[in-house]
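First comes the structure, then the notes that go with it.
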Amino acid sequence: MLLCPENTQYHPFEVVEIIFCPLKKNTEKMGKRIKNKKPFQFELVDNLTCFFLDLSGNQMDLISEAAFGNLARLEHLNLSRNRLSVSLGSNSKALRSLGGLKSLDISMNGLSNGAAELLLRNKSSLDQLKMTGNVLIKLSPSLFGESRSIRSLIIEDNLISEIAPQTFEPLSRLESLNLARNNLAFICDFTLHQVKYLNLSRNSVEFFVTPEDAVLYNIEVLDLSHNKLLYFPDVVNETTIQKNYFHANWRLMPLVYIDLSFNRFASFPLETLSLLNSLETLNFSHNCLQNINWDVRNYSDPRQVRQIIFHSLKHLDLHGNILTRLPLLFLKALAQIETLNLQDNSLQPCGMLSGSLSKNRIDFDHFCTAFGQLKTLKHLNLGENNIKILPPNAFQGTSLVSLNLAKNLHMLIHEMALEGVQTTLQSLIISGLNINSSGLSLPCMPALTEINISNNKLNATPSSLGCSPLKVINVRNNDFMTLNYSLVEVVSTNLTTVYISGSHFNCCDSRWLTVLIDMRVKLPDISQADCFTQARNLTMSEYLKSPLFYCSFERDGQGVHFGRMVVTLLFVTVLSIVLIFFSRKLCCTQGSSVV
Ligand SMILES: *[C@@H]1O[C@H](CO)[C@@H](O)[C@H](O)[C@H]1NC(C)=O
Ligand SMILES: *[C@@H]1O[C@H](CO)[C@@H](O)[C@H](O)[C@H]1NC(C)=O
Ligand SMILES: *[C@@H]1O[C@H](CO)[C@@H](O)[C@H](O)[C@H]1NC(C)=O
Ligand SMILES: *[C@@H]1O[C@H](CO)[C@@H](O)[C@H](O)[C@H]1NC(C)=O
Ligand SMILES: *[C@@H]1O[C@H](CO)[C@@H](O)[C@H](O)[C@H]1NC(C)=O
Ligand SMILES: *[C@@H]1O[C@H](CO)[C@@H](O)[C@H](O)[C@H]1NC(C)=O
């Protein structure tokens, strides 16, 4: 229980939140969260059932030595965002009595190496430890000397630049190690054989060296993003025997996910990565790849190149490199690829002319990339590649479901460009090409549910869209004055969302809008959409408040309504009669005055 201090010499305090929360539904495990606005003192007594205690964010600097004396069964303690480094002697003694702790969070407490070491005494049951946002500089074996059963260790955002030998080796249960956002420059002698998850993101790692021993690694997830790597990995003094050991080890490594993005790679570690038989996701975005040189040679005849295969690779991210071409052998190696992100490179797709496909193949060979080789490919991002021409049959042979071609300025799209994928495509992005309607002809795409044609100069919607069960349409920032009413009516049955702002619509030619509103289609940016009448410009929302007022005398773009004509005629007739009547009356009055 929490006792409010009666002694007046204590600081005033205010408990703003106390939650007694069962951790697991079917056990009697109880815990509490204590949250205070101001510095305070409190006493914890007689709570043998308290398994969980959250004291985070309390500006606490002093825990008296006996404070946790009655919490022998406490298993989970959160002390993050306090000031434990202040009264270290007392605080560490208090924590020492909690020998049964399974998880401990001492993040953001200004802890140095020595301070952390003191707080981790008598922690032989500790399973999870979090020390993010402290000021640790060096990790050494003494730090975890009394907490050797740690399974998950998070020491993000410290100043660690050195890890002494034998620091992690004694932690035989260690599975997950997060050292992101530190100052590590070298991982020499990577010997964390027990670890399954390793995060070294946002350090300054230049070398990642693995020893040439025969011990197997268990690593499944490796994040080395945002570092300064040039090569991966380095094997020290590579001799044939060592290379064989290394290769044998790597082949058995269960690595599923590796993130090498935001490094300085100028070459692609083809052979090493291809050895990883379980590798499914490879992030190689934001590096300096200019090309992928196929330097893999035959064992027997080094003059010949050898085909290698990435047996499990499904997701490859090469966004933000400077690639001009992907060689055929590389494409063939991607035997299981599903997602390929090539945004922001300089690739040109190869194409074929229909009919005699092989003969008339437009063979740029050294200049273009034959995406048709990627039979399993479903998602392709080719945005920002400065593609000049999207040639016929550019993706024929793939299983494309989504295609992003955004921001290829002035790209010419051949009318047969999507041949072969028009029946599988579900999402198509052709935003930001700056093309006009005469440059855009699309085939009938019976599976397409999302299209983004924003940021162009279109004034007419491609009428082939009537074939598609569209759910989301984005036509923002174009030159539309109207949208094809009959087309909108056809596709409106499936539509959920349409983005329309950024064109100069004719208010009085907006039957398409009435259809969308009637069908309860979401128009998320309608408040930013404008339209014009003969008299003035106004916002679409303003116009919608009284459409008749703004447009009653204007010609409808789809033709003058017969009804409106009759009304107008009637009005003119009545007006004429009234005028004639009054003018005659006026004449008579004038006449009589003369008389
Ligand atoms: C400790 O509490 C903070 C909030 O104050 C929270 O962000 C953090 O995730 C908690 N730590 C653990 C291990 O649950
Ligand atoms: C270590 O923790 C145990 C409880 O698990 C406790 O009985 C013992 O007193 C603690 N040791 C010290 C030195 O506080
Ligand atoms: C590694 O840590 C960084 C920084 O906290 C985080 O953004 C990233 O998602 C982590 N990587 C993985 C694979 O969990
Ligand atoms: C690769 O990393 C970038 C940058 O962190 C991220 O945006 C992207 O989603 C990642 N790609 C994959 C396939 O995980
Ligand atoms: C459509 O493209 C625009 C501009 O590139 C972008 O802002 C928007 O998020 C895209 N929408 C979808 C659904 O991809
Ligand atoms: C409007 O769409 C319909 C149906 O798709 C099509 O037949 C017609 O040609 C289109 N009209 C214009 C002016 O594009």
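So in the working numbering, spot 347 of the sequence shown is number 347, and the numbers just go up one at a time. By construction, the Cβ of each residue, glycine as well, lies at the ideal position given by its N, Cα and C atoms.
{"Query": "Under DSSP, the beta strand (DSSP E) around E175 begins and ends at which residues?", "Result": "E175 -> no beta strand (DSSP E), and no H or E assigned at all."}
{"Query": "S454: beta carbon under 7 Å from a heavy atom of ligand 6?", "Result": "no"}
{"Query": "Give every residue whose Cβ lies closer than 5 Å to any heavy atom of ligand 3, listed in chain order.", "Result": "A180, N199, S201 and D223"}
{"Query": "Excluding the five sequence neighbours on either side, which residues of its own chain have a C-beta within less than 6 Å of the C-beta of F262, listed in chain order?", "Result": "S225, H226 and H286"}
{"Query": "Does the beta-carbon distance from G383 to A406 come in below 8 Å?", "Result": "yes"}
{"Query": "Please determine, among A333, C350 and N283, the residue with the shortest C-alpha to C-alpha distance to H319.", "Result": "N283"}
{"Query": "For S172 versus L153, is the C-beta distance shorter than 8 Å?", "Result": "no"}
{"Query": "Is the CB-CB distance between D518 and M481 below 8 Å?", "Result": "no"}
{"Query": "Answer yes or no: do E271 and K314 have a C-beta to C-beta separation smaller than 8 Å?", "Result": "no"}
{"Query": "Considering only the beta carbon of each residue, do K457 and N474 sit closer than 8 Å?", "Result": "no"}
{"Query": "According to the neighbour-count rule (16 or more other Cβ atoms, all chains shown, within 10 Å of its Cβ), is N434 buried or exposed?", "Result": "exposed"}
{"Query": "Ligand 6 and L495: does the residue's C-beta get closer than 7 Å to at least one heavy atom of that ligand?", "Result": "no"}
{"Query": "Quick one: what's got a C-beta closer than 6 Å to S492's C-beta in the same chain, skipping five residues either side?", "Result": "V515 and M519"}
{"Query": "Looking at G372 and Q348, is the spacing between their C-beta atoms short of 8 Å?", "Result": "no"}
{"Query": "Is it the case that the Cβ atoms of L136 and S107 are separated by a distance below 8 Å?", "Result": "no"}
{"Query": "Which residues neighbour ligand 4 when neighbourhood means a C-beta less than 5 Å away from any of its non-hydrogen atoms? List them by chain order.", "Result": "S261, N283, S285, H315 and D317"}
{"Query": "What's the gap between the Cα of L174 and the Cα of Q290?", "Result": "39 Å"}
{"Query": "Confirm the yes/no value for this check: CB of N113, any heavy atom of ligand 2, distance under 7 Å.", "Result": "no"}
{"Query": "Quick one: any contact between the segment 86-97 and the segment 149-164, if contact means 3 or more CB pairs under 8 Å?", "Result": "no"}
{"Query": "Using 10 angstroms around the beta-carbon of F549, count the other beta-carbons present and answer buried if the total reaches 16, otherwise exposed.", "Result": "exposed"}
{"Query": "Return helix, strand or coil for D518, following the three-state DSSP convention.", "Result": "helix"}
{"Query": "Measuring from the CB of S147, is there a heavy atom of ligand 1 at a distance below 7 Å?", "Result": "no"}
{"Query": "Nearer than 7 Å: is that true of the beta carbon of G439 relative to any heavy atom of ligand 6?", "Result": "no"}
{"Query": "Have a look at I451 and K332 and give me their C-alpha separation to the nearest angstrom.", "Result": "30 Å"}
{"Query": "Quick one: is the Cβ of S103 within less than 7 Å of any heavy atom of ligand 1?", "Result": "yes"}
{"Query": "I'd like to check one pair, P462 with L442: are the Cβ atoms closer than 8 Å?", "Result": "yes"}
{"Query": "What does a CB cutoff of less than 8 Å around L84 pick up in its chain, not counting 5 residues either side in sequence?", "Result": "M60, D61, I63, N91, I106, N109, G110, L111, A115 and L119"}
{"Query": "Determine the DSSP secondary structure at V209, reduced to helix, strand or coil.", "Result": "strand"}
{"Query": "Going by C-alpha to C-alpha distance, which of F168, Q128 and G420 sits closest to L143?", "Result": "F168"}
{"Query": "Closer than 7 Å between the C-beta and any heavy atom of ligand 6: which residues qualify, listed along the chain?", "Result": "A460, S463, G466, N484, S486, L487 and V490"}
{"Query": "Just verifying my parser: in three-state terms, what is the DSSP assignment at E415?", "Result": "coil"}
{"Query": "Who are the near neighbours of K130 in its chain, counting only those whose CB is closer than 6 Å to its CB and skipping five residues on each side?", "Result": "D105, S107 and I154"}
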